[in-house]
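Encoded as structure tokens, the structure appears first; notes follow it.
Numbering (full-length UniProt numbering), first residue to last: 1 to 436.
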């Protein structure tokens, strides 16, 4: 249905001669729009340049209102020149960008809402056409503005909703912290009813909490823990300085940093109980100096600890713990995670050197290739006396092992090792002579 010349009627077929020019006008939007109404008008006054041309006031002008059926609130107001056998769009406006006013029964004025606020006055042929046109235009203008307001409200509502969500989240977090603080106080005071109420409120919020006893519940100060360390073939006893409130996981990290045992190879037993990482040492009875704990070491292969994983975890632990600048790691640090090494040295005198920042010191600690003893000959002789290299996988084994800990290859005979070393030296000597 379409409204034409003041009454609703079926849309008339458009002549072929006028259909093509309409689609070739300045605005392609008219080609896919539905025409609501079209009336013949003349322009008595115009501040818009195209309508100031000669002939703009003739009866060949038609005022047309159309809408886009695919977009709500999209109305277009256009002027067409229908002189002769042509139909050309002279100007087209978005209905939301104009102000429309009825000046008299046959004279209407349209003014642009944006600067420079140019205006056009239209004269209609009769009162009935002018009244019908004003009814359609004003109702369409009201609908366009209503949709625009809805879109604006939805946009603002989205921002308001996000802001409200952030505010609710902040308020919820604040309330959660207050409830946790109050819960701690009423539990300490022994108020069972109030503690139940606060716990219920936290449960309704589904808050994620970490609940653990305060350090005030533990023995003050550090204690010396006697640790018996054992692996498959040897054992020793060391003393570790700990705090009773420390968790077993924290103890594993401390031993990792001080002795080079990866946490995965550590199995702690205190008071005939296999320890779990979250529990504190005090919960296993560690309260005073001299208390005993047992540390059993499994092989690196059994714990699935690779050289790369070991080095990466060690670097992360060093960065997190920020060791003193004088701390250093020996070349035993890799093989130390599955055997019993000596405790890593801590040279506090190096702290007075100054000039190197903490990041540079940690980098030096992590640079394993540079951490070698000055006396290479003494190191080689000491290595031959204390450990042996597997001929298959090159793993450094303890002198007490008859076979390789990693691949189970039999330990080579001492005499054969000497002969192999002599052969390698002769090969190097001959290759050096051939180059010269």
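Ideal Cβ positions, reconstructed from N, Cα and C, are used throughout, including at glycine.
- With 16 or more other Cβ atoms inside 10 Å of its own Cβ, residue 63 counts as buried.
- The three-state reading of DSSP puts residue 410 in strand, counting E and B together.
- Only exposed fits residue 152, as fewer than 16 other CB atoms lie within 10 angstroms of its CB.
- Contact annotation: residue 209 and residue 195 have beta-carbon atoms that are not nearer than 8 angstroms.
- The three-state reading of DSSP puts residue 127 in helix, counting H, G and I together.
- In the three-state scheme derived from DSSP, where H, G and I count as helix and E and B as strand, residue 397 is classed as strand.
- Residues of the same chain with a CB within less than 7 angstroms of the CB of residue 65, apart from the 5 flanking positions on each side, are 36, 37, 75, 77, 136, 137, 140 in chain order.
- Spanning the alpha carbons of residue 108 and residue 172 requires a straight line of approximately 58 angstroms.
- In the three-state scheme derived from DSSP, where H, G and I count as helix and E and B as strand, residue 287 is classed as coil.
- Residue burial annotation: residue 241 is exposed, with fewer than 16 other C-beta atoms found within 10 angstroms of its C-beta.
- In this structure the segment 253 to 265 does not lie against the segment 178 to 193, because fewer than three pairs of beta carbons, one per stretch, are closer than 8 angstroms.
- The continuous stretches of beta strand (DSSP E) do not include residue 282, and DSSP gives it neither H nor E.
- CA-to-CA, the gap between residue 149 and residue 73 works out to about 10 angstroms.
- Under the 8 angstroms Cβ criterion, the segment 288 to 306 counts as touching the segment 230 to 249, having at least three qualifying pairs.
- When DSSP states are grouped into helix, strand and coil, residue 312 belongs to the helix group.
- For residue 302, the closest C-alpha among the options 407, 282, 249 is that of 407.
- Within the same chain, Cβ atoms closer than 7 angstroms to the Cβ of residue 387 are found at 396, 397, 398, 399, the five residues on either side in sequence being excluded.
- At a Cβ-Cβ threshold of 8 angstroms, residue 294 and residue 228 count as neighbours.
- DSSP, reduced to helix, strand and coil, places residue 319 within a helical segment of the structure shown.
- Short of 8 angstroms from the beta carbon of residue 222, and not among the five residues preceding or following it, lie these beta carbons of its own chain, in chain order: 241, 242, 243.
- For the pair residue 272 and residue 252, the CB atoms are not nearer than the 8 angstroms cut-off.
- Rounded to whole angstroms, the Cβ separation of residue 99 and residue 86 is 31 angstroms, and the two are not in contact under 8 angstroms.
- When DSSP states are grouped into helix, strand and coil, residue 247 belongs to the strand group.
- If you draw a straight line from the Cα of residue 264 to the Cα of residue 305, it comes to about 7 angstroms.
- Per DSSP, residue 202 is one residue of the alpha helix (DSSP H) stretching across 192 to 204.
- Less than 8 angstroms divides the Cβ of residue 144 from the Cβ of residue 95.
- In chain order, 179, 182, 183, 186 place their CB closer than 7 angstroms to the CB of residue 198, counting only its own chain and leaving out the 5 sequence neighbours on each side.
- In the three-state reduction of the DSSP assignment, residue 150 falls in the helix class, which pools H, G and I.
- Contact annotation: residue 176 and residue 205 have beta-carbon atoms nearer than 8 angstroms.
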